[in-house]
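In our numbering, the protein residues as written are 1 to 221.
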């Protein structure tokens, strides 16, 4: 589905829980913090994605028509990529922010994504984007569907030899808002979200996460 078919799009993501905000808070969106930050990693990314396609050829979810689709699947199942997870549902991002096992305040980031969308992104090389882009993935997997998933695709700056953080990117920083969630409210928010149908059971519709949910719901040791 072309991202441009959606207008007035507001997205939300959560950052790692921390006790105090830092100037690089929104940078935590770029999940692949590489050990060789001084080097371009595009060829390594292509190689890893190619290996994933070969080794996962028997998995139905890996039968994807484009490289960007394969990046979405890889990101969603834990591979480190140049994508960042977002959601169009603010209740979903509240759950992700508050369920983190770390202590301290949690932070949610809201992004006005209209100007970051571009038609035809799926037909382009995701490793050659010139600016950071937001896009809606194909709703072809239960987790993306349940989580109202969106993504941002981040460019690698050849000048600085690093990925461009959202909070220092002049194109995105003016559309980014930080919201702090006090640590003492996190448990209450999770209970409230459960009453409104938002929990691990509904966001991760599989047997493993259902069992994790049951342990949380009934406070099993």
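Every residue, glycine too, gets a C-beta built ideally from N, C-alpha and C.
Pick helix, strand or coil for residue 88, following the three-state DSSP scheme. Position 88 of the chain shown holds residue 88. Three-state result, residue 88: coil.
For a test of the three-state rule: what should DSSP assign to residue 149, helix, strand or coil? Within the chain shown, numbered from 1, the residue matching residue 149 stands at position 149. In the displayed model, residue 149 falls within a strand according to three-state DSSP.
Within 10 angstroms of the Cβ of residue 101, are there 16 or more other Cβ atoms? Answer buried if so, exposed if not. If you number the chain shown from 1, residue 101 lands on position 101. Answer is exposed; the Cβ neighbour count stays below 16.
On the CB-based measure, 16 or more other CB atoms within 10 Å of its CB, does residue 109 come out buried or exposed? As a working mapping, residue 109 is identified with position 109 in the chain shown. Buried, by the Cβ-count rule.
For residue 64, which residues in the same chain have their Cβ closer than 7 Å to its Cβ, ignoring the five residues on either side in sequence? Against the chain shown, residue 64 aligns to sequence position 64. So the list reads 70 and 73, once near-sequence residues are dropped.
Distance check for residue 135 and residue 50, CA to CA, integer angstroms please. Counting from 1 along the chain shown, the entry for residue 50 is found at position 50. Counting from 1 along the chain shown, the entry for residue 135 is found at position 135. Rounded to the nearest angstrom, the gap between the Cα atoms of residue 50 and residue 135 is 22 Å.
When DSSP labels each residue in this structure, what does residue 201 get in the three-state scheme? The residue given as residue 201 occupies position 201 in the chain shown. For residue 201, the secondary structure class from DSSP, reduced to helix, strand or coil, is helix.
What residues in its chain sit with their C-beta under 7 Å from that of residue 42, if we drop five residues either side in the sequence? Counted from its first residue, the chain shown places residue 42 at position 42. Taken in chain order, the residues that qualify are 127 and 156.
Rounded straight-line distance, which links the Cα of residue 78 to that of residue 85: Start at 1 with the first residue of the chain shown, and residue 85 comes out as number 85. Start at 1 with the first residue of the chain shown, and residue 78 comes out as number 78. Using only the alpha carbons, I get a separation of about 11 Å.
Pull up the distance between the alpha-carbon of residue 28 and that of residue 206, whole angstroms please. The residue labelled residue 28 in the question sits at position 28 within the chain shown. The residue labelled residue 206 in the question sits at position 206 within the chain shown. Because the pLDDT of residue 28 is 33, which lies under 50, any placement of that residue in the model is unreliable, and the number read from its coordinates should be weighed accordingly. Approximately 27 Å between the Cα atoms of the pair.
Rounding to the nearest angstrom, what Cα-Cα distance links residue 7 and residue 114 in this structure? Start at 1 with the first residue of the chain shown, and residue 7 comes out as number 7. Start at 1 with the first residue of the chain shown, and residue 114 comes out as number 114. Any reading at residue 7 needs caution, since the residue's pLDDT is 39, under 50, leaving its predicted position unreliable; the model's value is listed next. Distance between the alpha carbons of residue 7 and residue 114 is about 6 Å.
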